[in-house]
Structure formats: C-alpha cells, structure tokens
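First comes the structure, then the notes that go with it.
In my numbering, the protein residues as written are -18 to 135.
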C-alpha cells in the first residue's frame, strides 16, 4: 500500500509521529519533552546510536581462582547439596577448573560451583576428634537405673 492509497487517519497519524520526533528550536522534540526520552523512528534503525549508558559500561567481573588456591566445592549426593574442601590443581579455560578434594578425588567444576576458602587443610584435620577412649561417667551413674531400657516388652 502506498501513501496515496492510505486512509486519512493513518496519514494524519504518520504526520503527527514525524512532527513529534522532530527537534524544535530548544533542541528537544515534543515527544522527548513529554516522555523524557527519544522515540524510535525508522531513521534510528538505519543509523544505530552506539552511545553506551553507564549501566552498559559496567560489566560483571568474572572471578579468578589461582592454581593451588584453597576452595569450597559444591558436591551433590542424593540430590542434597554439600560443600567439600579442596585445592585447584588445573585451569581448563576461563570458567572451568579441576579441583582435588581433601578426600583425594579430583572433580571438574565451573567457577560458579566454587568459593574461595580460608580454611586450611591442617585446620580441618585438627578439628576432628582425636581420642578414642570412652566418655567418663559421673559418680551418680547407676547401671541398675538403665536396666529397664533393654528389658523386652511383655
């Protein structure tokens, strides 16, 4: 359909749209003064505007983990999340790493599945219980009192 065959209301709509997008003497178009932004016209599609806003200039910073660094690694067992400690042994690209867990197992993990850890391997070992002796009972312990627990129910 050419502009000659268009109904009058569409012709008026196009004229008003062009008028509202045209800058006035103050440097702003009527649409820009009303909407506080420029409206897009066909000319904008032909010559895109590449000015970046401050939000576009700020890129999310990717985390970098060094070789030999201590990390906590996500570990899923029976659909339950747990974290295991390990050391980064190899970098496979920008985002993937090989981590050797404290258990000795090596796993490949994405950087989103790892967190830097300040817990050293010695600290983890030192927190484990070291004594294998039985707990001491207090003087008021009476084995006859607990006799009924092991008695069968009649």
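The beta carbon of each residue, even a glycine, is placed where N, CA and C say it ideally should be.
Using the beta-carbon count (16 or more within 10 Å), is residue i buried or exposed?
i          : result
residue 95 : buried
residue 3  : exposed
Look at the Cβ atom of residue i, then the Cβ atom of residue j, and state whether they are nearer than 8 Å.
i           : j           : result
residue 62  : residue 100 : no
residue 159 : residue 92  : Outside the shown range of the chain (-18 to 135) lies residue 159, about which nothing can therefore be said.
residue 20  : residue 26  : no
residue 10  : residue 1   : yes
With residue i and residue j assumed to form a contact (beta carbons below 8 Å), what rounded beta-carbon distance in angstroms separates them?
i          : j          : result
residue 70 : residue 50 : That pair is no contact at about 10 Å.
residue 52 : residue 45 : Not a contact, Cβ separation roughly 12 Å.
Whose C-beta lies closer than 8 Å to the C-beta of residue i among residues of the same chain, with five residues either side of it excluded?
i          : result
residue 73 : 79 and 89
residue -8 : -16
residue 48 : 69, 70, 71 and 72
Taking the beta strand (DSSP E) that residue i falls in, what are its first and last residues?
i          : result
residue -4 : Not the beta strand (DSSP E): residue -4 falls in the alpha helix (DSSP H), residues -11 to 2.
residue 66 : 61 to 72
residue 55 : 51 to 58
Provide the residue span of the alpha helix (DSSP H) that contains residue i, from first to last.
i           : result
residue 95  : Premise fails: residue 95 lies in the beta strand (DSSP E), 95 to 97, not in any alpha helix (DSSP H).
residue 136 : Because the chain spans -18 through 135 in this model, residue 136 falls outside it and cannot be assessed.
residue 89  : Where residue 89 is concerned, there is no enclosing alpha helix (DSSP H), although the beta strand (DSSP E) it sits in stretches over 87 to 91.
residue -15 : Counting along the chain, residue -15 falls outside any alpha helix (DSSP H), and DSSP gives it neither H nor E.
residue 84  : Residue 84 -> no alpha helix (DSSP H), and no H or E assigned at all.
residue 5   : Neither: residue 5 is in no alpha helix (DSSP H) and is coded neither H nor E.
residue 19  : That residue, residue 19, is in no alpha helix (DSSP H); it is neither H nor E in DSSP.
residue 27  : 23 to 27
Spatial neighbours of residue i within its chain, please: C-beta separation below 7 Å, excluding the five flanking residues on both sides.
i           : result
residue 102 : 83
Under 6 Å Cβ to Cβ from residue i, same chain only, skipping five residues before and after it: list those, please.
i          : result
residue 56 : 63 and 65
Within 7 Å: the Cβ of residue i and any heavy atom of the ligand NAD?
i           : result
residue -11 : By its list of ligands, the structure shown contains no ligand whatsoever, and the ligand NAD lies outside what it can speak to.
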